[in-house]
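Under the working numbering, the first residue of the sequence shown carries the number -13, and numbering increases by one thereafter.
What follows is one structure encoded as structure tokens, with my remarks underneath.
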Amino acid sequence: DCYLALGILHTHFNPLVSRFKDYIALPKQNGYQTIHTTLFDTKSIIEAQIRTFDMHKIAEFGIAAHWKYKEDGSVVAPRLDWLTDISMQSINNLENAEDYNAIELYEYAKDSLYVEDVAVYSPKGEIFTLPRGATVLDFAYEVHTKVGLHAKSAYVNRIKVPLLTELKNGDIVRVVTSNDKFYRCSWIDSVKTGKAKAS
């Protein structure tokens, strides 16, 4: 059911691939199981977590979930609310401590070593493939030469960034243009694409 829900979400929204985590297929050492996905459309970016009720109990209360709930889902000990705060702090600490586990390290290395391109999105969800190390300015020229020549500022994942910011897989890039041209000769050493260098 979790993967069905994921499929429905990804059908109706664009997923931000770089932020996708499947802890159902590869649970954390503490038993945590959830699918994390980040979705966007032209107006917003949202994070979604998908899990079953049993997975939710483990995520909220850890081992205590087994004696807080009966088999039918009714609450055994209603005065265990204090466990919510403690367990959430523990999960957050474990998530931070496990940032460098072997599986995530492998995924990071695979993305860094074996992929020569990055895929980024326009705010409308259009996919642009650029060489690794490409900048926001490379993206602007990929959209259109005029966008590159008139690029004044940019936003990556809704955060204002310099035009020479290096892009990562899954970034959502919006370029703000002006009537004036902003091209600087010094940029030629920072851009990666032929279109940007030729202009």
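Note that beta-carbon positions come from the ideal geometry of N, C-alpha and C, so glycine has one too.
These numbers were taken from a predicted model, which means no experiment stands behind them.
Pick from the options that is closest to residue i, judged by C-alpha positions
i     : options                             : result
Thr38 : Ile32, Tyr18, Thr24 and Ile31       : Tyr18
Ala45 : Ile31, Ser30, Phe26 and Thr20       : Thr20
Ile9  : Arg170, Val129, Lys167 and Cys(-12) : Going by the sequence as given, residue 9 is Tyr instead of Ile. The shortest C-alpha separation from Tyr9 is found at Cys(-12).
Burial state of residue i (16 or more Cβ within 10 Å)
i        : result
Ala184   : exposed
Cys112   : The identity of residue 112 in the sequence shown is Glu, whereas the question assumes Cys. Result: exposed.
Val161   : buried
Ala11    : exposed
Ser127   : In the sequence under discussion, the amino acid at residue 127 is Tyr, which differs from the Ser named in the question. Burial call: buried.
Gly156   : buried
Leu(-10) : exposed
Val3     : exposed
Lys165   : For clarity, residue 165 is Asn in the given sequence; the question names Lys instead. Exposed, because fewer than 16 other Cβ atoms sit within 10 Å of the Cβ of Asn165.
Gly119   : exposed
Asp175   : exposed
Ala27    : At residue 27 the sequence reads Asp, which differs from the Ala that was named. Its Cβ having fewer than 16 others within 10 Å, Asp27 is exposed.
Asp40    : exposed
Sub-7 Å separation of residue i and residue j beta-carbons
i      : j      : result
His22  : Lys7   : yes
Ile32  : Leu25  : yes
Val122 : Val159 : yes
His194 : Thr163 : Given that the chain is displayed from residue -13 to residue 185, the structure contains no residue 194 and the question cannot be resolved.
Pro117 : Lys178 : yes
Lys138 : Phe168 : yes
Any non-hydrogen atom of the ligand GTP closer than 6 Å to residue i Cβ
i      : result
Lys167 : No copy of the ligand GTP appears in this structure; indeed no ligand is present at all.
Open item on the list: For a minimum of 3 consecutive residues, which ranges assigned as the beta strand (DSSP E) are wholly contained in the segment 150 to 185?
Closed with: 159 to 163
Task: Residue ranges of each alpha helix (DSSP H) within the segment -7 to 49, 4 or longer - done: 39 to 47
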